[in-house]
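This report refers to the structure that appears directly beneath it.
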Amino acid sequence: MFDRLFGLARVAVLTLAVAACATTPPAPPVETVQAPNVILISIDGFRADYLERGATPVLAQLAAEGASGPMKPSFPSVTFPNHYTLVTGLHPDHHGIVGNNMVDAELGRFSLGNKQAVADRRWWDQGEPIWVSAERQGVKTATMFWPGSEADIRGVRPSYWTPFDQSMPGDARVDQVLTWLDLPAAQRPALTTLYFDIVDTMGHHHGPDGAETLQAMRSVDASIGRLVDGLKARGLYENTVLVVVSDHGMAATSPDRVTVLDDIVDPEAVQIIYSGAVTFLNPVAGREAEVEQALLGSRPHLDCWRKSEIPARLVLGSNPRVSAIVCASEPGWLLATRARPVTKPGAPTAMTTLRPKCRRSSSPTAPASSPGGGCRTWTASTSSPSWPAC
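Numbering (mature numbering (1 follows the signal peptide of the UniProt record, and there is no 0)) for the sequence shown: -22 to -1, 1 to 368.
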């Protein structure tokens, strides 16, 4: 649902200086303004029109009470690159997490399932996530899961964090956040992230229109309702900014909407880093000219570029971790090989920046936001993250 955020930027503490003069009467007492508590919530794979399916009344109420708007994701619009963009304000080309799978000349291969790589700060150190910036300023933070939060990025960790556990129910994740917020004020996190992956998982396995995907939406919505109720019970709700985002949308896919790589080039001539809506691949040494001649250019449902020729609007290609050739499929289409055919009915789309059906929306609720207000399109990557104008 939500765009790439925002910028959530940095948590700033404002101090008021009152000048006193012997010749002027004392100023009236200044009411202390408590800095807001910020909770950044990601619903992985929650496409914008899921909000219109009647399964998320809590999210609908938050949007009505606060503000919401469309978002432009980074490219490639998959989980790890976009989540790191959301908390750094940088494009993947600049923060270094260019894919869910990638290769670094010194570090080797990165993948979501490689726990050692996921926890290795060297993969993440090209960017600085907001929790690192906040901790350096003396602001306590907590991460209830978020890509990058298991590494001591630039030597800093959140004050409170937990290793990712996909089996942990949504309500248990919320309860952990509330437990952190029950700490004494001096120990309580001022910035917390909260991550839900079940909507994305069900979208991949059952498609965006599957009954299981709809049930996953209901489940996450109920968990967010549990969070709201918990905040209200603790007297924290009115001073909490909830920012609900998603990293990418979800398109229906099928075996008859697949471009077969074998029909274009010998699959033995390429090393596939990852494939799908976006495909990263490197030619095998000595077969570069053959691969480029076969792949580069546009064909029905697929575009392929040298990394140096990727369209500027996608802001990708300068990072050494980007493969030599990058291909992007039309929404709803995938690139695959005969050896690894498409088996799942849902996938993120490559060109979400161009196709509104897969845009996410962002929905902050805050004391300063106008009920039911809208925002211009939010872009997750900015050189200096900041709240969008709403």
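Quick reminder that beta carbons are idealized off the backbone N, C-alpha and C, glycines included.
What number of angstroms, rounded off, separates the C-alpha of T140 from the C-alpha of L169?
To locate residue 140, count along the sequence shown from 1; it is residue 162. To locate residue 169, count along the sequence shown from 1; it is residue 191. The straight-line gap from Cα to Cα measures roughly 15 Å.
Have a look at V293, C305, Q165 and flag the residue whose alpha-carbon is nearest the alpha-carbon of A272.
On the sequence shown, residue 272 is found 294 positions in, with the first residue counted as 1. Comparing Cα-Cα distances from A272 to each of V293, C305, Q165, the minimum goes to C305.
Sort A325, K322, N297, A302 by Cα distance to G105 and report the nearest one.
If you number the sequence shown from 1, residue 105 lands on position 127. Checking every option, the nearest Cα to that of G105 belongs to N297.
Let me check understanding here. Comparing Cα to Cα, which of T231, F258, I250, I251 lies closest to E308?
For the purposes of this step, residue 308 is taken as residue 330 along the sequence shown, with counting starting at 1. Answer by Cα proximity: T231.
Using alpha carbons as the reference points, say which of E43, G32, I131 lies closest to T66.
Locating residue 66 in the sequence shown gives position 88, where the first residue counts as 1. Among E43, G32, I131, the Cα nearest to that of T66 is on I131.
Tell me whether T(-8) is buried or exposed, calling it buried when 16 or more other Cβ atoms sit within 10 Å of its Cβ.
Position 15 of the sequence shown, counting from 1, holds the residue named residue -8. In this predicted model, T(-8) has a pLDDT of only 24, less than 50, meaning its place in the structure is not dependable; the value taken from the coordinates is given anyway. With fewer than 16 Cβ atoms within 10 Å of its Cβ, T(-8) is classed as exposed.
So, for G185: in the same chain, excluding its five sequence neighbours on each side, which residues have a beta-carbon less than 6 Å away from its beta-carbon?
Locating residue 185 in the sequence shown gives position 207, where the first residue counts as 1. Around G185: A230, P323, G324.
Measuring CB to CB, does H183 end up less than 8 Å from G23?
Position 205 of the sequence shown, counting from 1, holds the residue named residue 183. Position 45 of the sequence shown, counting from 1, holds the residue named residue 23. Taking 8 Å as the Cβ cut-off, H183 and G23 do not qualify as a contacting pair.
Can you check whether the CB of H73 is closer than 8 Å to the CB of S20?
Taking the first residue of the sequence shown as 1, we reach residue 20 at position 42. Taking the first residue of the sequence shown as 1, we reach residue 73 at position 95. Contact: no.
Can you give the Cα-Cα distance for F58 and I75, rounded to whole angstroms?
If you number the sequence shown from 1, residue 58 lands on position 80. If you number the sequence shown from 1, residue 75 lands on position 97. The alpha-carbon atoms of F58 and I75 are separated by roughly 7 Å.
With a threshold of 16 other CB atoms inside 10 Å of the CB of P345, please say whether the residue is buried or exposed.
Numbered from 1 along the sequence shown, position 367 holds the residue referred to as residue 345. The predicted position of P345 is uncertain, since its pLDDT is 46 and thus under 50; a value taken from the coordinates is nonetheless stated next. Classification of P345: exposed, given that the 10 Å Cβ count is below 16.
Which residues bound the beta strand (DSSP E) around W311?
Mapped onto the sequence shown, residue 311 falls at position 333. Segment: none, W311 is in no beta strand (DSSP E) and carries neither H nor E.
Within 8 Å, do at least three Cβ pairs link the segment 232 to 239 to the segment 39 to 59?
Cβ pair count under 8 Å is below three, so no.
Using alpha carbons as the reference points, say which of V223, L259, A255, E128 lies closest to D103.
For the purposes of this step, residue 103 is taken as the residue at position 125 of the sequence shown. For the residues V223, L259, A255, E128, the minimum Cα distance to D103 belongs to E128.
Give me the residue from R318, Q12, D244, A317 with the minimum Cα distance to A163.
As a position in the sequence shown, residue 163 is number 185, starting the count at 1. Of the candidates R318, Q12, D244, A317, the one whose C-alpha sits nearest the C-alpha of A163 is Q12.
Smallest Cα separation from D143: which of Q154, L37, A83, F258?
For the purposes of this step, residue 143 is taken as the residue at position 165 of the sequence shown. Measuring from the Cα of D143, the nearest candidate turns out to be Q154.
Counting only the same chain and skipping the five closest in sequence on each side, list residues whose C-beta sits under 7 Å from that of T121.
Stepping through the sequence shown from its first residue, residue 121 is reached at position 143. Counting only Cβ-Cβ distances below 7 Å, and skipping sequence neighbours, we find W109, S127, P136, W139, T171.
Does the segment 241 to 256 touch the segment 268 to 282, meaning 3 or more C-beta pairs lie closer than 8 Å?
At 8 Å Cβ cutoff, the stretches touch.
Just list the residues that DSSP pairs W283 with in beta bridges.
One-based indexing of the sequence shown puts residue 283 at position 305. Looking at the DSSP assignment, W283 forms a beta bridge with V304.
At what residues does the beta strand (DSSP E) containing A120 begin and finish?
Position 142 of the sequence shown, counting from 1, holds the residue named residue 120. 119 to 122 is the extent of the beta strand (DSSP E) around A120.
So is D178 buried or exposed if we call it buried at 16+ other beta carbons inside 10 Å?
Along the sequence shown, read from residue 1 onward, the residue named residue 178 stands at position 200. Per the 10 Å Cβ criterion, buried.
Give me the residue from L156, M195, N78 with the minimum Cα distance to G32.
For the purposes of this step, residue 32 is taken as residue 54 along the sequence shown, with counting starting at 1. It is M195 whose Cα lies nearest to the Cα of G32.
Going by alpha carbons, who is nearest to R277 out of P261, L259, L313?
Within the sequence shown, numbered from 1, the residue matching residue 277 stands at position 299. Residue L313 is the option with its Cα nearest to R277.
If I follow the unbroken beta strand (DSSP E) through F58, where does it start and stop?
For the purposes of this step, residue 58 is taken as residue 80 along the sequence shown, with counting starting at 1. From DSSP, F58 is part of no beta strand (DSSP E) but of the alpha helix (DSSP H) over 57 to 66.
Specify the secondary structure class of I288 as computed by DSSP and reduced to three states.
Looking up residue 288 in the sequence shown gives position 310. It is coil, neither helix nor strand.
Compare the beta carbon distance of L161 and I17 with 8 Å and say whether it is the shorter of the two.
Within the sequence shown, numbered from 1, the residue matching residue 161 stands at position 183. Within the sequence shown, numbered from 1, the residue matching residue 17 stands at position 39. No, Cβ-Cβ distance for L161 and I17 is not below 8 Å.
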